[in-house]
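Heads up: the sequence shown begins at 50 in this note's numbering, then just goes up one per residue. Working notes for the structure below.
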Amino acid sequence: MGRIRLQVAIALLTILVLVGAMGYVAFNRTTVLVPEEGGTYTEGIPGNPLAINPVLCQSNPVDQDLVALIFDGLTRVNERGEIVPNLAERWEISPDGLTYTFYLRNDVLWHDGAPFSAADVVFTIGVIQSQDFKGVPFLADMWRNVVVEQVDDYTLRFRLREPFAPFLDYTTLGILPRHILGSVPVAELEKSPFNAAPIGTGPFKVEEVSAKRIVLVANPSYHGARPYLGRLEFYFYPDAASAFEARKRGEVEGIARVLPQNLGAVRRDDSLTLYSAPLSGYNLIFLNLDRAVFQDRNVRQAMMWAIDRQKLVDTILDGQGIVIHSPILPDSWAYDPNVRRYTYDPRKARALLEEAGWFDENGDGVRERGQIKLEFTLATNEDDPVRIKFIEAIRDQLAEVGIRAIPQAVPWEELVGQQLRLRRYDAILSGWQNLPPDPDPYPYWHSSQASEEGLNFANFINPEADALLAEARSITDRKRRFELYQHFQYLFAEEVPSILLYQPVYNYAVDARVQGVQIGPMHDSSDRFRTIARWHMLTRRVLYSEARERGLLTP
Numbered sequence: 050m051g052r053i054r055l056q057v058a059i060a061l062l063t064i065l066v067l068v069g070a071m072g073y074v075a076f077n078r079t080t081v082l083v084p085e086e087g088g089t090y091t092e093g094i095p096g097n098p099l100a101i102n103p104v105l106c107q108s109n110p111v112d113q114d115l116v117a118l119i120f121d122g123l124t125r126v127n128e129r130g131e132i133v134p135n136l137a138e139r140w141e142i143s144p145d146g147l148t149y150t151f152y153l154r155n156d157v158l159w160h161d162g163a164p165f166s167a168a169d170v171v172f173t174i175g176v177i178q179s180q181d182f183k184g185v186p187f188l189a190d191m192w193r194n195v196v197v198e199q200v201d202d203y204t205l206r207f208r209l210r211e212p213f214a215p216f217l218d219y220t221t222l223g224i225l226p227r228h229i230l231g232s233v234p235v236a237e238l239e240k241s242p243f244n245a246a247p248i249g250t251g252p253f254k255v256e257e258v259s260a261k262r263i264v265l266v267a268n269p270s271y272h273g274a275r276p277y278l279g280r281l282e283f284y285f286y287p288d289a290a291s292a293f294e295a296r297k298r299g300e301v302e303g304i305a306r307v308l309p310q311n312l313g314a315v316r317r318d319d320s321l322t323l324y325s326a327p328l329s330g331y332n333l334i335f336l337n338l339d340r341a342v343f344q345d346r347n348v349r350q351a352m353m354w355a356i357d358r359q360k361l362v363d364t365i366l367d368g369q370g371i372v373i374h375s376p377i378l379p380d381s382w383a384y385d386p387n388v389r390r391y392t393y394d395p396r397k398a399r400a401l402l403e404e405a406g407w408f409d410e411n412g413d414g415v416r417e418r419g420q421i422k423l424e425f426t427l428a429t430n431e432d433d434p435v436r437i438k439f440i441e442a443i444r445d446q447l448a449e450v451g452i453r454a455i456p457q458a459v460p461w462e463e464l465v466g467q468q469l470r471l472r473r474y475d476a477i478l479s480g481w482q483n484l485p486p487d488p489d490p491y492p493y494w495h496s497s498q499a500s501e502e503g504l505n506f507a508n509f510i511n512p513e514a515d516a517l518l519a520e521a522r523s524i525t526d527r528k529r530r531f532e533l534y535q536h537f538q539y540l541f542a543e544e545v546p547s548i549l550l551y552q553p554v555y556n557y558a559v560d561a562r563v564q565g566v567q568i569g570p571m572h573d574s575s576d577r578f579r580t581i582a583r584w585h586m587l588t589r590r591v592l593y594s595e596a597r598e599r600g601l602l603t604p
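The following block contains the structure:
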């Protein structure tokens, strides 16, 4: 009898276990984990804020990072590099490309509860257009050629003097609150307390500021997708290496920028997730085409064949760079994938130089043609150890084909102010950063910009290239623009006005507990927050049907 009772008990227990297991499986099949609001994310940032103000932040990455979270523009750039609505619901462009009409959202509030309107946009542009504006010149140069008209509280009209295809890029600029700053003289704006504790319309607002950190909290009235994270804390450190050490001490959860020398340690740390993406910019060697040694196109092409750019990226940057073949970057719609490519071929470099009459007659290792020796000074900024390694390695590679490059490290202010701007140099390794979404190369390679105030530092003068660049920025037909830029890229590859090196890759580390982080091609470091609304540290389980109805499921 006892044995029968035991068998019955075992059978009942088995049934209960099976029922429980089936219930558990059914529960997990009909419910799903979704992000939950709340949680604090802490990050270490190299540097300190100077002016958390969208019209004054362009020279400081820390300011740019914070502005991206606190302020909104009329438009924004999505992960595909497209201009999409933000404070504006939509816009219209006149057939002649001279008038842009923007229709604004009517449900936007500033962080202090005041309503946002077209008057705030007119005020912001007025600040930039003022003769007392002390921000970066390129903002003022563009906006001073635009007439801004407020049609009504939620409609704006911009009138351009001439068609300008990249205009929409400038509408991503964060908007300032007129009701707070309207009485501040433009000349005094950079000294305003507003720049330390600003009021914006963005997804996060300032709660606390000190010399060591800034605390942001989620904006409960945000007009867009509200972030799951309730709080962001940014701690300021002298440099990227210090921020990395702070993570090792447990002071922060994320590292704003991971240096090449720390990549290995981050990859080995299971508590961190490493995210990488190409930055919108490129490094190159500017060649002063006014120098006799660079006026022979064969020399410039030979240098391209003689430099092993991929090896430089692999050995100096730990692979964190993309060798480029055009001044229009590979992720742009205007990039021509069939553009001529120079790969490492020192034999071809030597043959090209000899065909052009460059020989080492006296056996000193340096080629010459007549009285001109094939040698020059290759400078870069002394505060960048990576660039110094580059110019030293390039010196060694060029020496193999009979070209002498003399490395020189100088202070940044001298490099830009005295050498680049005044064109008092032979060759300089530097780069362009934060290139806008529109691929317009006009500011850097059109002959009109080969002056002290322009950015054509190489003094590249080519009438055919000028015509292509001028037409491309004056039309909005993308197909025609691509054709023009395709031809320009062909010319650039043939003429080699400067030595293109690589597009930098941005590396960013986040605690593995933070989910929903996505990173794509980046305009600047602040674009790592492009998907901040989806970041989360907390989750909860809900019915699958509920999650689907509320759009909480991710592909």
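Glycine included, C-beta positions come from ideal geometry on N, C-alpha and C.
Distance from the Cα of Asp515 is smallest, within the candidate group Gln199, Gly565, His536, for His536. Taking each of Ala168, Trp192, Ala245 in turn and checking the Cα distance to Ile119, the smallest one comes out for Ala245.
Secondary structure at Tyr271: coil, using DSSP grouped into helix, strand and coil. Scanning the region 156-238 for uninterrupted alpha helix (DSSP H) segments of 4 residues or longer gives 167-178, 186-192, 216-219, 227-230, listed from N- to C-terminal end. The secondary-structure analysis by DSSP pairs Glu417 across a beta bridge with Phe408, Lys422. Glu424 and Gly451 have their C-alpha atoms spaced approximately 9 Å apart. If you check the CB distance, Asn135 and Asp121 come in under 9 Å. Here DSSP, grouped into helix, strand and coil, assigns Tyr534 to helix. Taking 3 residues as the shortest admissible run, the region 327-355 contains the following complete beta strand (DSSP E) segments, listed from N- to C-terminal end: 331-336. Its Cα nearest to that of Asp394, the residue Trp354 stands out among Glu256, Trp354, Gln538. Per DSSP, Ile101 is not a residue of any beta strand (DSSP E), being assigned neither H nor E. If one requires a minimum length of 3 residues, the beta strand (DSSP E) runs lying completely within the region 354-381 are 370-372, in chain order. The residues Tyr384, Asp385, Val388, Gln538, Phe541, Ala542, Leu549, in chain order, have a CB closer than 8 Å to that of Ser375 in the same chain once the five nearest residues on each side in sequence are set aside. Take Thr588, set aside five residues on each side of it, and the residues of its chain with a beta-carbon closer than 7 Å to its own are Leu82, Val83, Pro84, Glu85, in chain order. Leaving aside the five residues that flank Gly569 on each side, the residues in its chain whose CB is nearer than 7 Å to its CB run, in chain order, Glu128, Ala326. In the DSSP assignment, Lys254 falls outside any alpha helix (DSSP H) and within the unbroken beta strand (DSSP E) covering 253-258. Boundaries of the alpha helix (DSSP H) harbouring Glu441: 434-448, taken from the DSSP string. In this structure, DSSP gives Phe293 a helical state, which the three-state scheme calls helix.
In this structure, the beta-carbon distance from Thr79 to Tyr152 does not fall below 9 Å. Between Glu282 and Arg262, the alpha-carbon positions lie close to 7 Å from each other. Taking a C-beta distance under 9 Å as the contact criterion, Pro309 and Ile365 qualify as a contact pair. Rounded to the nearest whole angstrom, the C-alpha separation of Asp218 and Ile132 is 7 Å. DSSP lists Ser325 as the beta-bridge partner residues of Asn556.
By the neighbour-count criterion, in which 16 or more other beta carbons inside 10 Å mark a residue as buried, Ile304 falls on the buried side. At a Cβ-Cβ threshold of 9 Å, Val104 and Gly223 count as neighbours. Rounded to whole angstroms, Gln567 and Arg399 show a C-alpha spacing of 46 Å. Judged by DSSP secondary structure, Ile119 falls within the alpha helix (DSSP H) whose first and last residues are 110-119.
The beta carbon of Val185 is closer than 8 Å to those of Gln107, Ser108 in its chain, skipping five residues each way along the sequence.
Ala516: member of the alpha helix (DSSP H) spanning 512-521, first to last residue.
Note that the C-beta distance between Val545 and Arg280 is not below 9 Å. Judged by beta-carbon spacing, Phe343 lies beyond the 9 Å limit of Leu469, meaning their Cβ atoms are not closer than that value. Cβ neighbours of Pro276 within its own chain (closer than 6 Å, five residues either side excluded): Pro252, Ala267, Ile581, Ala582. In this structure, the straight-line span from the alpha carbon of Phe172 to that of Leu188 is close to 15 Å. Going by DSSP, Val83 is part of the beta strand (DSSP E) stretching over 80-85. DSSP places Leu504 in the coil class of the three-state scheme, outside both helix and strand.
DSSP, reduced to helix, strand and coil, places Val307 outside both helices and strands of the structure shown, so it counts as coil.
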